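Inspection log for the structure reproduced underneath, given as structure tokens.
Chains as they are written, first to last, in the working numbering: chain A, 47 to 337; chain B, -13 to 301.
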């Protein structure tokens, strides 16, 4: 098929094309190997015991998955269960707040004409890439005065203002939320807030699902801010537990449960991603600029 | 398009009485932003002009100190850590942008017609969602002196028994591994963004160039690259801001020390160490320096997104 389609230029080009194709697959093969190899070793080592791991490289899974999991969960110096629960709570509530209020904000700017509309939009775009770490000092002190030290809400409530989720939502609305639908709802006597909740939100479901995943993952992976707010010994999240693990003397650790804790932090995200990758990969581009 | 303009006109005519809802709907976002971001930012900048720290159990300050914190930072470690951050970012970013451009060009080349694109995209994007701190811990265990990577090297005869490669004892090893992790986490994301941009280029341009006898290399440099320039700038600047925020990976890998010889100490790690030693004046000054740099970069990002919006409007 390829030789025919490049007929005009003759055989030389088709051989060149062939060579380029082989090179492309080779490079992609190496990159895929790099992307998968480390996580494969992680999954395999999480099923081996300490001594098998120290002996060297394990290619195939072992038999100690449940033993390692039990050891990780039972470690008295690492409140792993508490960490998992905290991480799940913070990440899922953050994601809910982020998608609901971002959709609300985006709808406010998309559907209504008001004086500060353009200013508000430009401002959100301006702060979109601003790192949150730069205000960490003021944030930690403010939370301290508000009595939020070592509580979870300081890590959840700020998600109401999520500029990147907002930007994605408003791009989605521009492409697939006709104002006629909103006007029809108004004629039917729906209140403005009711229109948003009952008519607009259901139409945004695909965008909200993708952004829920991104927000969840971002919060699940976040290490810097939680480490400043929470007590690392009694009330950690998973990234804080990883840091605690790293601060210990390696020689004293059971490597099976070390790999298990890393696996608990990483692998659930990979599993969810593989199930939904089609939507996630498609969602990556909607938030960026067009060329 | 006509229906769009008609719709906009209609919207304008009927929306005057609804204007206040615009404010109601955007209020939660802005209240939250002001409370949890803007006020903290203002107080962070404010404290950067004060001497304010904990000495043992006693708090010293806050007493106004002018630019003393900045003077101290710039005459000691800050330039070096800013340099580290830049180097670590570049080690990851240069291969990231080159490989991503190459892959995106290959994926969008209809004559090359690569199969399994969905699979490749899924795999190369995956590391982007990985918890950076856990990924770093994983690399620490895998590349440890007695870890599996050294196990493989010994197995294939590249190293001798009892003489492993001590990655974390060398500056090159540590910086290289941090760069590798950042590369792996971001090249898939960049590839997908660049692909979308390249697919947006008018196909007839490529066809015309081909008829004129352009080679794939010429097409890439003379047509593709100039046309996706706005996205390249966006990728460059957002990645630079991401690089300035680099924390989790080097913090976990080096146990917060930035060793060997603090060659992997980044700006946010420096900020973090001031936060934990409770030197709020200096933490504020480090934050303010970062804020000024990121502020300039954010304006560039906003303009790249805004021209995009204006062009869309023109169409």
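The beta-carbon is built from N, C-alpha and C at its ideal position, and this holds for glycine as well. Bear in mind the structure is a predicted one, so any value in this text is a computation, not a measurement.
Could you tell me which residues DSSP pairs with residue i in its beta bridges?
{"i": "residue 46 of chain B", "result": "B:39"}
{"i": "residue 265 of chain B", "result": "B:39"}
Leaving out five residues on either side along the sequence, give the residues of the same chain with a beta carbon under 6 Å from the beta carbon of residue i.
{"i": "residue 194 of chain A", "result": "200"}
{"i": "residue 258 of chain A", "result": "141 and 145"}
{"i": "residue -4 of chain B", "result": "Here the model assigns residue -4 of chain B a pLDDT of 47, short of 50, so the residue's position is not dependable and the matter cannot be decided."}
{"i": "residue 40 of chain B", "result": "264"}
{"i": "residue -10 of chain B", "result": "Caution applies to residue -10 of chain B, whose pLDDT of 48 falls short of 50 and renders its modelled position unreliable; the value that the coordinates give is listed next. The answer is none, since no qualifying residue turns up."}
Under 7 Å Cβ to Cβ from residue i, same chain only, skipping five residues before and after it: list those, please.
{"i": "residue 54 of chain B", "result": "37"}
{"i": "residue 326 of chain A", "result": "256, 259 and 319"}
{"i": "residue 72 of chain B", "result": "none"}
{"i": "residue 167 of chain A", "result": "155"}
When the cut-off is 8 Å and only beta carbons count, does residue i lie next to chain B?
{"i": "residue 70 of chain A", "result": "yes"}
{"i": "residue 66 of chain A", "result": "yes"}
{"i": "residue 308 of chain A", "result": "yes"}
{"i": "residue 277 of chain A", "result": "no"}
{"i": "residue 331 of chain A", "result": "yes"}
{"i": "residue 97 of chain A", "result": "no"}
{"i": "residue 214 of chain A", "result": "no"}
{"i": "residue 93 of chain A", "result": "no"}
{"i": "residue 219 of chain A", "result": "no"}
{"i": "residue 76 of chain A", "result": "no"}
{"i": "residue 160 of chain A", "result": "yes"}
{"i": "residue 147 of chain A", "result": "yes"}
{"i": "residue 191 of chain A", "result": "no"}
{"i": "residue 316 of chain A", "result": "yes"}
{"i": "residue 80 of chain A", "result": "yes"}
{"i": "residue 298 of chain A", "result": "no"}
Chain A partners of residue i, CB-CB under 8 Å?
{"i": "residue 206 of chain B", "result": "Near residue 206 of chain B there are no residues of chain A at all, since even the closest Cβ is about 12 Å away, more than 8 Å."}
{"i": "residue 273 of chain B", "result": "179, 180, 181, 182 and 183"}
{"i": "residue 55 of chain B", "result": "Neighbours of residue 55 of chain B on chain A: none; closest Cβ ~12 Å, over 8 Å."}
{"i": "residue 346 of chain B", "result": "The requested residue 346 of chain B is not part of the displayed model; chain B covers only -13 to 301."}
{"i": "residue 15 of chain B", "result": "147, 148, 150, 151, 170, 206, 207 and 212"}
Of all Cβ atoms in chain A, is any one closer than 8 Å to the Cβ of residue i?
{"i": "residue 80 of chain B", "result": "no"}
{"i": "residue 97 of chain B", "result": "yes"}
{"i": "residue 148 of chain B", "result": "no"}
{"i": "residue 200 of chain B", "result": "no"}
{"i": "residue 132 of chain B", "result": "yes"}
{"i": "residue 44 of chain B", "result": "no"}
{"i": "residue 256 of chain B", "result": "no"}
{"i": "residue 113 of chain B", "result": "yes"}
{"i": "residue 229 of chain B", "result": "no"}
{"i": "residue 59 of chain B", "result": "no"}
{"i": "residue 270 of chain B", "result": "yes"}
{"i": "residue 234 of chain B", "result": "yes"}
{"i": "residue 18 of chain B", "result": "yes"}
{"i": "residue 92 of chain B", "result": "yes"}
{"i": "residue 157 of chain B", "result": "no"}
{"i": "residue 25 of chain B", "result": "yes"}
Spatial neighbours of residue i within its chain, please: CB distance less than 8 Å, with the 5 preceding and 5 following residues excluded, ordered by chain position.
{"i": "residue 106 of chain A", "result": "90"}
{"i": "residue 225 of chain A", "result": "157"}
{"i": "residue 215 of chain B", "result": "none"}
{"i": "residue 231 of chain B", "result": "254"}
{"i": "residue 256 of chain B", "result": "63, 64, 67 and 272"}
{"i": "residue 119 of chain B", "result": "234, 235, 237 and 238"}
Just the chain B side, please: which residues come within less than 8 Å of residue i by C-beta, in chain order?
{"i": "residue 312 of chain A", "result": "116, 117, 120, 121 and 124"}
{"i": "residue 283 of chain A", "result": "Within chain B, no residue comes near residue 283 of chain A; the closest Cβ sits about 10 Å away, beyond 8 Å."}
{"i": "residue 63 of chain A", "result": "97 and 98"}
Going along chain B in order, which residues have a C-beta closer than 7 Å to the C-beta of residue i?
{"i": "residue 291 of chain A", "result": "123"}
{"i": "residue 163 of chain A", "result": "8"}
{"i": "residue 319 of chain A", "result": "112 and 115"}
{"i": "residue 254 of chain A", "result": "Chain B residues near residue 254 of chain A: none, gap ~16 Å exceeds 7 Å."}
{"i": "residue 250 of chain A", "result": "What residue 250 of chain A touches in chain B: nothing, since even the nearest Cβ is about 14 Å away."}
Which bits of chain B does residue i rub up against, with CB to CB less than 9 Å?
{"i": "residue 155 of chain A", "result": "8, 11 and 12"}
Listing by chain order, which chain D residues have their CB less than 8 Å from the CB of residue i?
{"i": "residue 28 of chain B", "result": "Within the model displayed, chain D is absent; protein chains A and B are what it includes."}
Against residue i, what residues of chain A qualify as contacts under a CB-to-CB distance less than 7 Å, listed in chain order?
{"i": "residue 70 of chain B", "result": "Within chain A, no residue comes near residue 70 of chain B; the closest Cβ sits about 16 Å away, beyond 7 Å."}
{"i": "residue 238 of chain B", "result": "288, 289 and 292"}
{"i": "residue 175 of chain B", "result": "330"}
{"i": "residue 128 of chain B", "result": "84 and 87"}
{"i": "residue 142 of chain B", "result": "Per Cβ cutoff of 7 Å: no residues; residue 142 of chain B is ~10 Å from chain A at best."}
Determine which residues of the stretch 259 to 270 of chain A have a Cβ less than 8 Å from any Cβ of chain B, and write them out in chain order. Within the stretch 259 to 270 of chain A, the residues whose Cβ lies closer than 8 Å to some Cβ of chain B are 263, 266, 267, 269 and 270, listed in chain order.
Looking at chain A, which residues of the stretch 182 to 198 of chain B have a Cβ within less than 8 Å of any of its Cβ atoms? 182, 183, 184, 186 and 187
Chain B contacts made by the stretch 229 to 248 of chain A, where a contact means CB separation under 9 Å: Residues are counted here when their Cβ sits less than 9 Å from a Cβ of chain B; for the stretch 229 to 248 of chain A these are 229, 232, 238, 239 and 242, given in chain order.
In the stretch 98 to 132 of chain A, which residues sit with their C-beta less than 9 Å from some C-beta in chain B, listed in chain order? 99, 100, 101, 102, 103 and 104
Members of the stretch 193 to 210 of chain A near chain B, C-beta cut-off 9 Å: 200, 203, 204, 205, 206, 207, 208 and 209
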